[in-house]
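K.L.:
First the structure, then my questions, so here it is.
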Amino acid sequence: MPRYNPADIEPKWQNFWAEHETFKAPELPTGEKLYVLDMFPYPSGDGLHVGHPEGYTATDITCRFERMRGKSVLHPMGFDAFGLPAEEYAIKTNTPPRVSTEQNIETFTRQLKMLGFSYDWSRVLATTDVEYVRWTQWIFTVMFDTWFDHDQQKGRPIDELPIPGAVKLEGEQAVRLYQDDHRLAFQSDALVNWCPGLGTVLANEEVIDGKSERGGHPVERRPLRQWMLRITDYAGRLEQDLEGLDWSDGIKRMQREWIGRSTGAEVDFYVGRSCAPSNSNFASWKSARATSGFPRKPNDEVLRIYTTRPDTLHGATYMVIAPEHPFVDRLTVDEQKEAVQTYCDQAAAKSDLDRTELAKEKTGVFTGSYAVNPVNGEQVPIWIADYVLISYGTGAIMAVPAHDTRDFEFAKQFDISVIAVVDPGEAEGVDRSAVLAGSECCTEQGVAVNSGEYNGLATAEFKRRIGDDLTEQGTGKQATNYKLRDWLFSRQRFWGEPFPVLHELDDAGNPNGMLRPVDPADLPVDLPHLDDYKPHGRPEPPLGKAPEDWLYPIIDGKRYRRETNTMPQWAGSCWYYLRFIDPTNSTAFVDPEKEKAWMPVDLYIGGAEHAVLHLLYARFWHKVLYDRGYVSTTEPFQRLVNQGMILGEPQYHVTPELLKANEKVLDERGITSVRVESEDKVTHILKRHSGDRIIDLSEDQTEKRQGQFYLAGTEIPLTTRADKMSKSRGNVVNPDEVVREYGADSLRLYEMFMGAFEATKPWSMSGVDGVRKFLSRAWRMIMDEDSEDLVLHTSVQDVAATDEQLRVLHKTIKAVTSDIETLGFNTAIARMMEFVNFFTNQSVRPKIAMEQFVLLLSPFAPHFGEELWSLLGHGDTLSYEPWPRHDDSYLVESTIEIPVQVLGRLRGKIQVAPDISKEDLIAAAKADDKVKPWLEGNPIIKVIVVPGRLVNFVVKVNRDEPKS
RNA sequence: GCCAGAGUGGCGGAAUUGGCAGACGCGCUGGAUUCAAAAUCCAGUGACCGCAAGGUCGUGUGGGUUCAAGUCCCACCUCUGGUACCA
């Protein structure tokens, strides 16, 4: 009695594929190429999550489908294995990170293979592989060797950097320092995100709401010397090139917002040498500027600000500089020194979290000095306030309270005058007179007032005019700014790539500030063995405790100290898609010919959580490699699709109050609960005992009345909600268990059947059961389950198909093919279910139809497909069988059903020939028994006919004579 | 607060873009098979009224456009994600 038994057939075919290297990709594509990539997993200690196989199955279906359509498919897999979580796990389990990482990779590999993905496993890599690290470090040296030429908008070799004569005169050291100052990889002393909980600094992208993305530890601002990558130089191109990419609008928008391009003007306000500049000094400064023009770098005489609204210059009633601004000291008058000092100290002590969450009320302090507004010669007071950030624009602003909400709040707080310079007109929701009187703030565009010669200009025109005027006067210029900050690239942890950089030491053994990249021939710089690599909460990296011979290499008689920071987790994932093309190359990171043949990635699938991290960083590295001639495309990932998140099964929640009030009732029913906290809310998930396990309530323990769920037979209201899978909620689904119980093909099929690929959707174990039943039904459609041996069902015969059978078959081929092309996997499966429902009822099932069906199903359920393909009498794998093609001529039906509406409501249905004429169709509709009564006594005004779809009669209803 | 996306039976979800709402699956009900059960097969299954034929209502809420609205427009509510002094 051979039933469908995945436990037998799945390992069998997995072994077959491995033995025959069925999915080995050619070195170079033969014919049309297709590079399909999954976001490689981070091999955590928990093993694969059911979220992983969702994307992996989607790419696998696409690959298997396209292989059958004759394309050369590259479909690799690897592991992103450096970084914090792996290291934390290693510490927790007290194993060296390399050992625990390798164990985790082994688990992941076993699980991935168990799911039957058609990866070319000969290309597998991990970012922690020494040979991989070598090339990650090599790419870093390329970044180190590159400066960004803003005129050409291109990264160029550092020895092409023009050195100013003055620097040259200072000697070789000065030249080297000047170069270091321009490299894409450089060191900086800026304020960084220091996370004591993790014992490392973090990139801006890794800080969310003032907490670390990993672990949610608080993050504080600290000045520390760190390695940075000059991603801001590429901000313009990173934004622009999004245009040509086939990504979802959502992800593009998120990247655009993160890059945060804005255009406006930089304007110099005269501050002179004294704290209250005089009019005559201002006048002479202004006339000097008219001839000298706007300097690239401002001197001490001016305070340079950035604004997106140069049209509101006349409304600037005060200025603000950030507490960290270099002019704070010299602009502070003696009487204000103490107050300013106190304020700046407070601001420095504030964490990012304090600055944002406690930002309800504006704070600030007056410096006592004034600047002169270049457009009208007015003196305006200069304040210090932490609502201005040192890291954006010039760290200083002109404040226009009438037309900027933040400035308005500040002005109200400190009683500063408000002058309206934009008349918003009679717009809805705007109190025009209040705005003009300065008692309300309006940020909308409008027409200029109180702006001297500019009065009457519309905002856009004003901006253009004043931009030109400022340029001519040498007091300002158009400027573009980005929210994006340079990428903080070093970490004070052990488990990452060591920087291939050496610090030159002087005779006393101290670094002299000179850097030397490690020679490419000496790469990789491997991690040394450390007995203790644990973080200690201080910013000194653990590699500082490395053995002397590692830490202090001697080259050409010179002693160096190695850089002891390590690279962040993101380094390895920035270029892995390139290494997959040529994973064993020992002379280059990728062979140029192969790179050209396979790139770009045609389909990239992964979670949306990488929108501003991995996807931004990888694009940046790719552009640098492109500029330096190492890759042939400007963008790495042509088409990107984000899979939706898979949530746990819905669970029943009650509020803490209800739980307390109903303790007794719940107890009597053997119901227990699990407390969960999310954000600031606390709820309790109701659970019950099953043996010695605690599981979720069953459906019949609840009931729905008037749209509200209650605990069955009680008045206790329940909220039902599907949440992210987490151990604390007890709703994590383990793929191993699913495969054991239902098989890999069922898991794959279910993940695709759950709903739209990009939608968030809840897990349901009975849904897995449903697709498993479908596979069993499909098995029985072809195989005789009652026989002792593996024989075909007697209905499966080598005969021609009937017209109806052909129609069903070709309809299915057509639908499944186009659904796979658009990643509409759920509906493709529904169509195949319909096919099985139809053919199970056929007493004769043409073998050819069964074979075509098996081919259609095989990308979804590959083990099932291979097994039946072989039972249908084929000797080899079906992986390269031609994909079934549909023939439209089989799809035509002899009669079609047309709905007939009267006044837009369905009143009848008629059977007609598909090619019926309009007139005949109307006549047939009128004649229909169900339709007739609705037309009687009501004159037809209009008839709407949509050929092949419907007929709709628009009638004049005669109210006086109701129809009988 | 701002910016996206979503809200469809008891549940997961379909719906060629304005043309028969609820495909497909789960669950449920009834029947067949069985000593019995599991499995399987068949039928039914949005709500309400009706013996029935049939009718009325129905895609978060309220309005609108249209012969026709889940789909388009306006206002609002709820949920999910992103973002948060970026001048």
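The opening position of the first sequence corresponds to residue -2 in this note's numbering, with each subsequent residue numbered one higher. Every residue gets a Cβ at the ideal spot worked out from N, C-alpha and C, and that includes glycine.
1. Grouping DSSP H, G and I as helix and E and B as strand, with all else coil, what is residue 478?
2. Please state whether DSSP places residue 407 in a helix, a strand or coil.
3. Please say whether residue 802 and residue 849 have beta carbons closer to each other than 8 Å?
4. In this structure, does DSSP put residue 54 in helix, strand or coil?
5. Roughly how far, in whole angstroms, is the beta-carbon of residue 728 from the beta-carbon of residue 794, given that I think they are within contact range, below 8 Å?
6. Does the stretch 597 to 605 come close enough to the stretch 219 to 238 that 3 or more CB-CB pairs lie under 8 Å?
7. With a Cβ-Cβ cutoff of 8 Å, do residue 395 and residue 266 count as a contact?
8. Just checking my contact of residue 360 with residue 337 at CB under 8 Å: how many whole Å lie between their CB atoms?
9. Nearest-angstrom Cα distance between residue 255 and residue 99?
10. Name the two residues that bound the continuous alpha helix (DSSP H) containing residue 292.
11. What separation, rounded to the nearest whole angstrom, lies between the Cα atoms of residue 204 and residue 670?
12. Do residue 476 and residue 756 come within 8 Å of each other at the CB atom, strictly closer than that value?
13. Could you name the residues of the same chain whose beta carbon sits closer than 6 Å to that of residue 355, not counting the 5 residues immediately before and after it, in chain order?
14. First and last residue of the alpha helix (DSSP H) that includes residue 418?
15. Tell me whether residue 129 sits in a helix, a strand or coil according to DSSP, three-state version.
16. Rounded to whole angstroms, how far is the Cβ of residue 418 from the Cβ of residue 447, which I believe are closer than 8 Å?
17. Among 633, 487, 615, which one has its Cα closest to the Cα of residue 200?
18. Just verifying my parser: in three-state terms, what is the DSSP assignment at residue 584?
19. Determine the direct distance from the alpha carbon of residue 821 to that of residue 45, and round the result to whole angstroms.
20. Is the stretch 458 to 478 in contact with the stretch 268 to 279, if contact means three or more CB pairs nearer than 8 Å?
21. I'd like the span of the beta strand (DSSP E) that includes residue 263, first residue to last.
22. Would DSSP call residue 277 helix, strand or coil?
23. Counting along the chain, where does the alpha helix (DSSP H) carrying residue 693 start and finish?
24. Between the stretch 101 to 114 and the stretch 907 to 915, do three or more beta carbon pairs fall short of 8 Å?
25. For residue 2, count the other beta carbons within 10 Å of its own beta carbon; 16 or more makes it buried, fewer makes it exposed. Which is it?
26. Using 8 Å as the threshold, is the C-beta distance between residue 789 and residue 780 below it?
27. Could you pull the start and end residues of the beta strand (DSSP E) that residue 395 belongs to?
28. For the alpha helix (DSSP H) that residue 861 lies in, which residues bound it at each end?
29. Could you pull out every residue in the same chain whose Cβ sits closer than 8 Å to the Cβ of residue 547, ignoring the five residues on either side in sequence?
30. Starting from residue 380, follow the beta strand (DSSP E) in both directions and report where the run begins and ends.
31. Ordered along the chain, which non-local residues of its own chain (more than five positions away) have a Cβ less than 7 Å from that of residue 666?
32. Is residue 578 helix, strand or coil when you go by DSSP?
33. Under three-state DSSP, which class holds residue 923?
34. Using a Cβ-Cβ cut-off of 6 Å (strictly less than) and excluding sequence neighbours within five positions of residue 13, which residues of its own chain qualify?
35. With 16 as the cutoff for other CB atoms within 10 Å, does residue 275 come out buried or exposed?
36. For the beta strand (DSSP E) that contains residue 192, what are its first and last residues?
P.N.:
The answer reads as follows:
1. Against the first sequence, residue 478 aligns to sequence position 481. Residue state for residue 478 is assigned as strand, using DSSP reduced to three classes.
2. To locate residue 407, count along the first sequence from 1; it is residue 410. Annotated three-state conformation of residue 407 is helix, per DSSP.
3. On the first sequence, residue 849 is found 852 positions in, with the first residue counted as 1. On the first sequence, residue 802 is found 805 positions in, with the first residue counted as 1. Inclusion of residue 849 and residue 802 in the CB contact set at 8 Å is not warranted, their separation being larger than that value.
4. Mapped onto the first sequence, residue 54 falls at position 57. Residue state, collapsed to three classes: helix.
5. Looking up residue 728 in the first sequence gives position 731. Looking up residue 794 in the first sequence gives position 797. Not quite, the Cβ-Cβ distance comes to about 48 Å (not below 8 Å), so this is no contact.
6. Verdict: no, contact absent.
7. Working through the first sequence from its first residue, we reach residue 395 at position 398. Working through the first sequence from its first residue, we reach residue 266 at position 269. Cβ atoms of residue 395 and residue 266: closer than 8 Å.
8. If you number the first sequence from 1, residue 360 lands on position 363. If you number the first sequence from 1, residue 337 lands on position 340. Between residue 360 and residue 337 the beta-carbon gap is near 12 Å, outside 8 Å, which marks them as no contact.
9. Reading the first sequence from its first residue, position 258 is the one you call residue 255. Reading the first sequence from its first residue, position 102 is the one you call residue 99. Going from the Cα of residue 255 to the Cα of residue 99 covers about 35 Å.
10. Working through the first sequence from its first residue, we reach residue 292 at position 295. Run containing residue 292: none; DSSP gives neither H nor E here.
11. Numbered from 1 along the first sequence, position 207 holds the residue referred to as residue 204. Numbered from 1 along the first sequence, position 673 holds the residue referred to as residue 670. Using only the alpha carbons, I get a separation of about 33 Å.
12. Position 759 of the first sequence, counted from the start, is the residue given in the question as residue 756. Position 479 of the first sequence, counted from the start, is the residue given in the question as residue 476. No.
13. Residue mapping note: residue 355 aligns to position 358 of the first sequence, counting from 1. Reliability fails at residue 355, whose pLDDT of 48 lies under 50, so the model's placement of it is uncertain and the value that follows must be treated cautiously. Leaving aside the five residues that flank residue 355 on each side, none in its chain has a CB nearer than 6 Å to its CB.
14. As a working mapping, residue 418 is identified with position 421 in the first sequence. Unbroken run through residue 418: none, as it is neither H nor E.
15. Counting from 1 along the first sequence, the entry for residue 129 is found at position 132. Note: residue 129 maps to helix in three-state DSSP.
16. Translated into positions along the first sequence, residue 418 becomes position 421. Translated into positions along the first sequence, residue 447 becomes position 450. About 5 Å separates the two Cβ atoms, so the contact holds.
17. Here residue 200 corresponds to residue number 203 of the first sequence, with the count starting at 1. Comparing Cα-Cα distances from residue 200 to each of 633, 487, 615, the minimum goes to 487.
18. For the purposes of this step, residue 584 is taken as the residue at position 587 of the first sequence. Three-state DSSP puts residue 584 in coil, outside helix and strand.
19. Locating residue 45 in the first sequence gives position 48, where the first residue counts as 1. Locating residue 821 in the first sequence gives position 824, where the first residue counts as 1. Going by the C-alpha atoms only, they are around 24 Å apart.
20. Using a C-beta cut-off of 8 Å, the stretch 458 to 478 makes no contact with the stretch 268 to 279, since fewer than three inter-stretch Cβ pairs fall below that distance.
21. Translated into positions along the first sequence, residue 263 becomes position 266. It spans 259 to 267 - the beta strand (DSSP E) in which residue 263 sits, taken as one unbroken run.
22. Within the first sequence, the letter at position 280 stands for residue 277. DSSP places residue 277 in helix when its eight states are reduced to three.
23. Taking the first sequence and counting its residues from 1, one reaches residue 693 at position 696. Per DSSP, residue 693 belongs to no alpha helix (DSSP H); it is in the beta strand (DSSP E), 690 to 693.
24. The stretch 101 to 114 vs the stretch 907 to 915: no contact.
25. On the first sequence, position 5 is the one that residue 2 refers to. Residue 2 is exposed by the Cβ-count criterion.
26. The residue you call residue 789 lines up with position 792 of the first sequence. The residue you call residue 780 lines up with position 783 of the first sequence. Yes, Cβ-Cβ distance for residue 789 and residue 780 is below 8 Å.
27. For this step, residue 395 is matched to residue 398 along the first sequence. 393 to 396 is the span of the beta strand (DSSP E), which, as asked, contains residue 395.
28. Here the question's residue 861 lines up with position 864 in the first sequence. Here the alpha helix (DSSP H) through residue 861 covers 859 to 868.
29. Stepping through the first sequence from its first residue, residue 547 is reached at position 550. The answer, listed in chain order, is 525, 559.
30. Indexing the first sequence from 1 puts residue 380 at position 383. It spans 376 to 381 - the beta strand (DSSP E) in which residue 380 sits, taken as one unbroken run.
31. Here residue 666 refers to the residue found at position 669 of the first sequence. Sequence-distant partners of residue 666 (beyond 5 residues in either direction) whose C-beta falls short of 7 Å from its own C-beta are missing from its chain.
32. On the first sequence, residue 578 is found 581 positions in, with the first residue counted as 1. Residue 578 falls in the coil class under three-state DSSP.
33. By 1-based counting over the first sequence, the position of residue 923 is 926. Helix at residue 923.
34. Residue mapping note: residue 13 aligns to position 16 of the first sequence, counting from 1. Once the five neighbours on either side are set aside, residue 13 has no close Cβ partner at all.
35. For the purposes of this step, residue 275 is identified with residue 278 of the first sequence, where counting begins at 1. Classification for residue 275: exposed.
36. Position 195 of the first sequence holds residue 192. DSSP places residue 192 inside the beta strand (DSSP E), whose first and last residues are 188 to 192.
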